[in-house]
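Report on the following structure.
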Ligand SMILES: Cc1ncc(C[n+]2csc(CCOP(=O)(O)OP(=O)(O)O)c2C)c(N)n1
Ligand SMILES: Cc1ncc(C[n+]2csc(CCOP(=O)(O)OP(=O)(O)O)c2C)c(N)n1
Ligand SMILES: [Mg+2]
Ligand SMILES: [Mg+2]
């Protein structure tokens with residue numbers, strides 16, 4: 001079943017609930033799936049990414065861990081090599097530095113080193129993103145950091161339906177998948193809610209293919225390539241600009257690795273203008289990769305120099321006016337679109 | 001005194017010896033400088049990056065550590081905040097995953113978080129690069145990983161003179177600096193030596209400015225932007241191609257953060273063709289950033305789509321034929337130059 | 001213990017509690033009726049240390065401004081006890097231009113180099129830098145020391161282990177303090193730690209380890225005195241675990257539905273207990289409370305007066 | 001101990017030594033007159049385990065192919081003792097198409113899922129995955145266990161600590177083995193570790209810890225028997241440290257100028273010692289040596305016959 005099947009029953013869910021539903025449905029189907037991490041049991045995940053799982057599946061399959069990320073992510077890797085399908089939560093992506101060796105030197109490389117004789121089917125879920133003054137160590141996106149290192153897929157849902165479908169795909173995938181959810185789209189009751197963080201989701205299990213971008217809004221003047229929370233900022237800007245006669249196409253990458261270049265190229269084929277919006281740091285990351293791949297393919301696709309709207313290589317400041325200055329919010333996206341169109 | 005002062009006394013040194021000379025001269029000048037890491041004492045560094053320092057400066061200033069990278073790199077950070085100028089060696093850059101939190105969440109951010117009230121003047125030296133069958137966990141370059149995260153400078157010398165001058169600059173810099181030396185250019189007696197890994201070096205201390213690229217070979221047809229060992233491959237290819245009437249300009253970045261875009265743009269201004277050669281992974285890293293910055297500035301600078309020669313998003317394989325297939329060696333560089341020139 | 005020391009400890013504890021209550025008030029003041037973590041004069045996560053005053057007061061009483069203290073995501077009590085500038089610390093928590101980090105850091109990133117205070121939001125990762133401060137202090141030869149503090153949950157993080165081994169090996173002048181408040185967010189100590197006292201872990205490094213069982217400030221003071229003397233005199237590091245109390249939630253907004261021990265919490269509040277022990281009459285207690293309140297409210301007024309940072313300066317301070 | 005067990009232990013030790021000597025020979029064969037680490041039929045770093053045979057033989061004697069072993073950068077002895085396919089392992093070390101990882105891994109990355117063997121070149125980071133294997137085994141309920149091995153230098157890495165705590169907490173069926181060969185590259189144990197026995201560190205996790213002092217294979221066997229039984233029967237993890245011997249350099253090419261104990265090394269070779277203890281006559285010993293040699297040379301011949309991987313396949317196996 002796919003997300004677009006016409007007969008499907010849908011309800012309205014938050015992104016968090018949709019994500020949990022994806023996990024729960026897979027746990028019902030496959031006894032090899034289990035969840036571990038900090039505060040994912042009774043608490044249900046500090047960003048509600050595991051709410052209710054402990055009640056349904058018990059402490060043998062939903063395990064609160066010590067604050068020992070190397071140990072429990074490594075545990076997940078070892079369990080995966082023995083045929084289980086663990087989901088390990090790294091509470092904030094910002095904490096990758098305490099356990100990156102397990103992630104990129106082990107989880108991501110074992111399949112290669114063994115020439116495919118050992119598979120590592122696991123998911124690391126992790127919260128990303130800023131905008132609520134959580135400071136330098138709790139606000140980063142960092143998908144560029146994970147994507148740079150080969151051997152793991154990186155998915156980044158922007159809405160409830162994708163959150164569920166990408167979760168199911170990630171669990172079923174025979175590769176390690178980093179699943180990065182933005183706190184600002186989880187639909188949490190205690191955080192400013194993006195209005196699209198509650199949306200219809202099919203009841204039945206379904207997959208969203210990993211590596212396929214979506215086009216939540218078609219348009220003819222400019223292509224805004226983006227992901228995660230920034231998709232919503234881009235859509236908001238597109239709505240505003242439509243009133244001014246500017247027709248934006250928004251590409252929601254959904255997956256950073258693999259990257260769906262075809263969808264980007266196709267879009268640029270009819271718009272000729274590129275704006276990349278990326279809540280990760282500007283340099284040496286996703287935004288440069290996208291521009292570069294486009295230009296390698298065909299620089300003539302771009303009628304004007306592309307523009308990147310990202311965090312300008314500065315740690316995320318705590319104070320609100322500073323943080324909002326450096327985040328790729330609607331004002332900066334709008335300005336970039338106008339600039340790339342020469343308005 | 002600068003590297004080009006005409007009166008300077010020079011001798012021929014290996015890159016390793018030049019690097020050590022830089023450290024030793026600073027240690028003589030400034031009692032706040034000390035060195036710590038694994039096997040950097042009696043052994044003199046497994047890649048000879050500290051040979052002789054223990055003898056001259058004693059065990060109080062040249063300290064072998066346990067295999068506890070988080071602890072000793074963090075120790076360096078704390079000592080730096082109290083006015084010392086530590087040089088901490090991370091034996092291989094590949095090991096960053098066991099200590100990255102100390103590096104990017106602490107060393108690199110404290111200055112920012114404190115609005116400059118706390119300075120962290122320290123250097124992390126680390127060996128990079130493959131080509132001798134050391135496998136997936138001992139062959140990576142990873143400068144893109146460090147460069148993506150704000151708050152640290154990243155320098156990458158390609159030859160003895162730069163190794164010394166960049167070391168002195170790194171030690172004197174009030175910021176944390178990651179100093180990445182390629183094993184293949186150290187001039188080690190037990191590894192295939194690049195012929196340029198032994199070269200004249202001034203006796204006196206001197207600085208090479210961090211953030212300024214060099215042009216080891218001027219040319220008019222194509223700009224090869226590269227760094228570290230790949231500079232030498234590029235120069236070799238340029239020599240060969242000169243015989244075929246193709247005139248390559250080689251830009252040696254020397255510093256990844258800050259990145260010297262001006263030198264690249266200037267070069268492209270007269271060549272119009274760009275090849276980026278990067279021994280790090282292809283995607284989401286340095287090579288894409290360079291292409292992207294050029295195109296953002298002025299896509300018209302490029303008469304043809306740029307080409308990137310890098311490690312194609314695969315872990316470094318052990319077997320020689322596989323490893324040499326994925327490294328950006330002379331054959332691949334040559335092919336890229338010919339391709340970008342339409343030959 | 002001398003009466004003056006006792007009063008000093010009590011005063012510090014009251015100052016801390018007064019501060020945390022004031023921050024609590026300010027933090028929630030404009031997050032009503034619906035709690036929004038990113039809204040209000042003080043946005044972001046807020047980890048308050050009410051109940052843990054005995055640790056900060058008892059430990060920091062032995063330190064001077066030339067000694068270092070590194071704290072965690074829950075740093076206010078230690079900052080106050082160690083003499084961090086109250087006004088500038090508060091301005092930082094409010095994200096203002098006169099804050100210790102001009103609003104860049106926030107409540108988990110308070111740096112006051114004049115008293116060698118720092119903190120970090122990453123579990124246990126404040127320990128390694130403390131080793132470096134101790135290393136620099138020993139080098140300087142003035143007998144200063146570093147105190148590194150974490151929670152009991154942090155003890156299971158690799159950086160804890162590496163730090164204790166290295167400090168012990170190099171006999172660095174450090175005192176490691178573990179605040180055991182029974183919880184790491186929602187995870188009880190029994191579900192995170194394979195031994196019932198982290199003091200036993202000191203033996204794994206060949207250093208002295210003690211556990212103070214009862215959140216009593218004088219017991220903390222006593223245990224720290226010994227450890228500080230040892231560190232200052234070249235005897236190397238020690239480990240002190242204090243069984244303390246998290247009086248409130250892990251962070252503000254935490255409903256604590258998971259918390260099995262909630263009923264007993266109010267009765268364990270260390271401040272009334274200590275006041276009773278000291279037999280302080282109302283007048284004495286009120287004076288202390290009023291002094292604390294005056295200082296705290298002055299700091300909060302200072303913070304509120306301070307301008308917000310200029311967005312144009314957002315790119316500053318990445319590099320020196 | 002039964003004679004048959006003793007002979008089995010001896011045979012395993014001889015097989016390992018024979019293997020390491022053969023690899024030593026092949027590794028250096030075409031790196032003359034000038035040693036070049038990247039040259040020859042076997043390029044790259046080479047960490048050989050001669051002298052550490054008692055650990056591998058004594059530990060793995062208690063395991064079946066359904067139990068897991070994770071090793072380090074110095075993995076051959078454990079791979080052999082645990083029954084990794086000799087031919088395919090050797091082909092991997094030669095970087096050939098018939099290698100366990102088709103030449104992708106090399107000598108530090110030997111994966112043989114048929115006996116649940118793996119290794120990693122990152123210090124102590126082999127421990128956490130072993131926990132996961134143990135977790136999966138317990139889940140499967142067949143009584144299998146995981147054995148995780150590191151050197152004594154690795155014990156000071158954070159992953160060691162995290163792993164022992166988590167394994168103890170969850171009572172996972174793991175046996176942690178530390179090979180104390182006195183050196184971590186050039187750093188003596190005394191310069192890396194603040195205690196003289198890592199067995200005492202077991203107490204930090206509430207698990208049993210023993211130190212086998214004399215590199216005696218039967219003592220290793222005995223200590224492991226108990227630990228394996230405990231793990232299989234749900235009693236949780238144990239820690240065993242063995243004082244063993246690095247007979248050769250840290251890696252090939254290591255001149256060992258730093259090594260203060262070099263003079264005594266030959267006299268500490270565990271194989272002649274054990275042979276003497278078993279009072280093996282020449283014929284018996286020669287037969288064992290000849291058998292080992294035949295197996296090893298067969299594996300080396302197999303490896304040399306195997307083709308090199310096709311460069312066109314260089315991008316394969318990144319993803320499943
Ligand atoms: C490496 C890391 N993992 C997880 C977290 C998220 N986190 C913040 S506080 C906390 C609990 C800490 O417990 P403890 O050390 O006991 O300190 P307490 O909060 O009780 O003072 C956790 C898990 C973090 N900040 N850093
Ligand atoms: C995290 C990490 N740090 C450093 C190294 C480099 N290194 C490889 S082996 C080694 C020494 C290991 O000593 P020990 O654990 O005692 O094992 P042994 O070599 O003695 O068998 C070091 C430092 C590494 N591989 N990984
Ligand atoms: Mg706690
Ligand atoms: Mg050793």
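Protein chains in written order, with the numbering used here: chain A, 1 to 343; chain B, 1 to 343; chain C, 1 to 320; chain D, 1 to 320.
Ideal placement from N, C-alpha and C gives every residue a C-beta, glycine not left out.
With 16 or more other Cβ atoms inside 10 Å of its own Cβ, residue 82 of chain B counts as buried.
Of A:17, A:33, A:42, the smallest CA-CA separation from residue 185 of chain C is found for A:42. Residue 243 of chain C is bridged by DSSP to C:180. For residue 14 of chain A, no chain D residue has a Cβ inside 9 Å of its Cβ, as the nearest lies near 31 Å away.
By the beta-carbon neighbour count (other beta carbons within 10 angstroms, threshold 16), residue 106 of chain B is buried. The beta carbons of residue 149 of chain A and residue 157 of chain A sit about 21 Å from each other, so the pair does not count as a contact at 8 Å. Ranked by Cα distance from residue 288 of chain C, the options C:4, C:3, C:14 are led by C:14.
Closer than 7 Å to some heavy atom of ligand 1: that describes the Cβ of residue 157 of chain C.
Excluding five sequence positions before and after residue 25 of chain A, the CB atoms of its chain that fall closer than 6 Å to its own CB belong to 205, given in chain order. Judged by DSSP secondary structure, residue 64 of chain D falls outside any beta strand (DSSP E); it is assigned neither H nor E. Annotation: Cβ neighbours of residue 101 of chain A in chain D (cutoff 7 Å, chain order): 122, 125. Secondary structure at residue 203 of chain B: coil, using DSSP grouped into helix, strand and coil. Taking a contact to require three or more Cβ pairs closer than 8 Å, the stretch 281-289 of chain A and the stretch 74-93 of chain A do not qualify as touching. Restricting attention to beta strand (DSSP E) runs no shorter than 3 residues, the stretch 49-113 of chain B encloses them at 62-64, 85-92, ordered along the chain.
Taken from the Cβ of residue 116 of chain D, every heavy atom of ligand 2 lies 7 Å or farther away. In summary, residue 267 of chain B is buried, with 16 or more beta-carbon neighbours lying within 10 Å of its beta-carbon over all protein chains present. The CB of residue 169 of chain D comes closer than 8 Å to the CB of 191, 192, 193, 194 in chain C, given here in chain order. Taking a Cβ-Cβ cut-off of 9 Å, residue 107 of chain D has no neighbours in chain C, whose nearest Cβ is about 27 Å from it.
Contacts with chain B at 8 Å (Cβ-Cβ) do not include residue 338 of chain A. Contact between residue 49 of chain B and residue 89 of chain B holds: CB atoms are separated by about 6 Å, below the 8 Å threshold. Distances taken from the Cβ of residue 100 of chain A to the heavy atoms of ligand 2 include none shorter than 7 Å. In the three-state reduction of the DSSP assignment, residue 281 of chain B falls in the strand class. Boundaries of the beta strand (DSSP E) around residue 216 of chain A: 214-217. Taking 8 Å as the cut-off, the Cβ atoms of residue 280 of chain B and residue 243 of chain B do not count as close. Residue 246 of chain D has its CB nearer than 7 Å to a heavy atom of ligand 2.
Against chain B, a Cβ distance below 9 Å from residue 17 of chain D picks out nothing, because the smallest value is about 25 Å. At a cut-off of 8 Å between beta-carbon atoms, residue 302 of chain C makes no contact with chain B. By the rule of a C-beta closer than 6 Å to any heavy atom of ligand 3, the residues picked out are C:151, C:152, C:153, C:181, C:183, C:184.
Bridge partners of residue 182 of chain B according to DSSP: B:128.
Closest in alpha carbon position to residue 179 of chain C, among C:39, C:16, C:53, is C:53. Residue 308 of chain D reaches chain B at 319, 320, 321, 322, counting residues in chain order whose Cβ is nearer than 9 Å.
Across the set C:41, C:23, C:29, C:28, the C-alpha of C:41 shows the shortest separation from the C-alpha of residue 308 of chain C. For residue 46 of chain B, the CB contacts under 7 Å within the same chain, skipping 5 residues up- and downstream, are 39, 91 in chain order. The C-alpha of residue 18 of chain B is placed about 41 Å away from the C-alpha of residue 97 of chain D.
Residue 271 of chain B is outside the set of residues whose beta carbon lies under 8 Å from a beta carbon in chain A. Identification of chain A residues near residue 289 of chain B by a Cβ-Cβ cut-off of 7 Å yields 283, 284, 288, ordered along the chain.
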